[in-house]
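The block underneath contains the structure these notes are about, expressed in structure tokens.
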Amino acid sequence: MKNLAAEEREGMSVIVGTVTHWVCAFIILYGLYIVAYGHLTPGGGFAGGVILACGFMILMLAFGKRRLVSMLPISRAAMLDCVGAFLFWLLAFGGMLFVGNVFFKNFLPHGGRLRLWSAGIIPLCNVAIALKVTASLVLALVALSVLRVKAGGSDEEFITDIDEE
Amino acid sequence: MLMNLIVVLLMFVAIGAIIAIWTRDLLSALIAMGVVGFTRTVVFVLLRAPDVAITQVVVEVLLLVILIRSAVRREVHTVEGGRKSAGAALAAALVVVMLVLGVIAVRELRPFGEPLEQRAWDAPALTYIDKGTEQTGAGNIVTAVLLDYRGYDTLGEATVLFTAVVGAIALLRRKSRRSGVEAPDEG
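Protein chains in written order, with my numbering: chain W, 1 to 165; chain D, 1001 to 1187.
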């Protein structure tokens, strides 16, 4: 019975849900813009990644934790986190692989000035950092509000049961 | 005029921080923290640092929502227990010392808008400003510094965030209530 009450309280009203559907698209679009144009206008990988994480956060507030976990399972978020970190590391080591022994060398062609496709590895670094930051912050969000330590839970799996105690 | 405005805003920051420490209600403390964060955002905008302002405002929103959400849900709404008078005296003494040192340091600063780098012809900041776009191809000098000139620092920051989240998840996923030990269940 307690579980049923928790189930019903999950998420907010239809109005909030509908508005969130609309707003969330714009938030994620803005986050992608901030990431993609990070080398030209204010912003960059970190700020854009946090905005994308805010998009996931608003989804969680409006539709409940289960929706967030079903949209972006914890294992997939952890994988994205690792992929972002690895991509950044790879770009950093690209300079050592392609042009002599220079760590963090900008080894790609710079391209036209103030163009979207310019600045060599900087936009790619932004994308990698954005991936990493989004996944990290969603994981932090999950760690703070979804994960419960439950008696008798298995060591091998994430415990995402959202019972009210 | 601008500097006066910034001083007023920074006083708001200080007042908000003091309220956040001294209030016993957790929600009030979090709202005071919000005042601190958003006022600092305005200060960054006035100081013409849009990159920092964007990051500050977004992180502030995310953090406040997470913290308020977890504070509202908890049974504990107020902080119990008084402060030790010896600790408070030590804190007050440290505040006074830091204030005096800070005032001395600020008096030694160059005026706003005339940084120290203007006096040294080979200062790195001048190189970044003069040749940044040419050398890196990035129009945004801040990004050029973060990801090209100082990319190593950014790699370090990314590693810190990665390690923190990996640690939190690794701790929270474990079964921690074995042998009757009560584990923190919500970070």
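Glycine residues also receive a C-beta, built at the ideal position from the N, C-alpha and C atoms.
query                                                                                                                                                                                      : result
What residue from D:1084, D:1149, D:1057 has the CA that sits closest to residue 1036 (chain D)'s CA?                                                                                      : D:1057
Taking Cβ-Cβ distances below 9 Å as the criterion, which residues of the segment 1151-1172 of chain D are in contact with chain W?                                                         : 1151, 1152, 1154, 1155, 1157, 1158, 1159, 1161, 1162, 1164, 1165, 1166, 1168, 1169, 1171, 1172
Quick one, which residues of the segment 15-39 of chain W are near chain D if we go by CB-CB under 8 Å, in chain order?                                                                    : 34, 38, 39
Note down the Cα distance separating residue 1067 (chain D) from residue 1059 (chain D), rounded to an integer number of angstroms.                                                        : 12 Å
For residue 112 (chain W), does the count of other Cβ atoms within 10 angstroms reach 16, so buried, or fall short, so exposed?                                                            : exposed
Determine, using beta carbons only, whether residue 1034 (chain D) comes closer than 8 Å to chain W.                                                                                       : no
Rounded to the nearest angstrom, what separates residue 1051 (chain D) and residue 1172 (chain D) at their Cα positions?                                                                   : 33 Å
Given a cut-off of 8 Å, decide if residue 120 (chain W) and residue 1139 (chain D) are closer than it, judged by their beta-carbon atoms.                                                  : no
Taking C-beta pairs closer than 9 Å, name the residues in chain W that residue 1050 (chain D) reaches, listed in chain order.                                                              : 41, 42, 43
Relative to chain W, which residues along the segment 1038-1062 of chain D have a C-beta separation below 7 Å, given in chain order?                                                       : 1050, 1051, 1054, 1055, 1058, 1059, 1061, 1062
Within the same chain, show all residues whose beta-carbon is closer than 6 Å to that of residue 1039 (chain D), passing over the 5 residues directly before and after it, in chain order. : 1009, 1012, 1013
Do residue 1161 (chain D) and residue 75 (chain W) have their CB atoms nearer than 8 Å?                                                                                                    : no
Apart from the five residues on each side of it in sequence, which residues of its chain come closer than 6 Å, Cβ to Cβ, to residue 1144 (chain D)?                                        : 1132, 1136, 1138
If you scan the segment 113-150 of chain W from start to end, which runs of the alpha helix (DSSP H) of 4 or more residues do you find wholly inside it?                                   : 122-145
Buried or exposed: where does residue 88 (chain W) fall if 16 or more other Cβ atoms within 10 Å of its Cβ makes it buried?                                                                : buried
Taking 8 Å as the CB-CB limit, is residue 1145 (chain D) close to chain W?                                                                                                                 : no
Residue 20 (chain W): buried (16+ other C-beta within 10 angstroms of its C-beta) or exposed?                                                                                              : buried
In angstroms with no decimal places, state the Cα-to-Cα distance between residue 67 (chain W) and residue 1087 (chain D).                                                                  : 46 Å
Is residue 1084 (chain D) buried or exposed, if buried means 16 or more other CB atoms sit within 10 Å of its CB?                                                                          : exposed
Within the 8 Å Cβ cut-off, does residue 75 (chain W) reach chain D?                                                                                                                        : no
Of the choices D:1149, D:1104, D:1110, whose alpha-carbon is the least far from that of residue 1125 (chain D)?                                                                            : D:1149
Please list the partners that residue 1148 (chain D) has in chain W, where partner means a Cβ-to-Cβ separation under 7 Å.                                                                  : 106, 122
Mind checking residue 1003 (chain D): buried by the 16 CB within 10 Å criterion, or exposed?                                                                                               : exposed
Contact criterion: CB-CB distance below 8 Å. Does residue 8 (chain W) meet it with respect to chain D?                                                                                     : No answer about residue 8 (chain W) holds up, because its pLDDT of 46 lies below 50 and its placement is not dependable.
Whole-angstrom Cβ separation of residue 77 (chain W) and residue 138 (chain W), contact assumed at under 8 Å?                                                                              : 5 Å
Determine the DSSP secondary structure at residue 1110 (chain D), reduced to helix, strand or coil.                                                                                        : coil
Can you tell which of W:65, W:128, W:141, W:93 has its C-alpha closest to the C-alpha of residue 102 (chain W)?                                                                            : W:93
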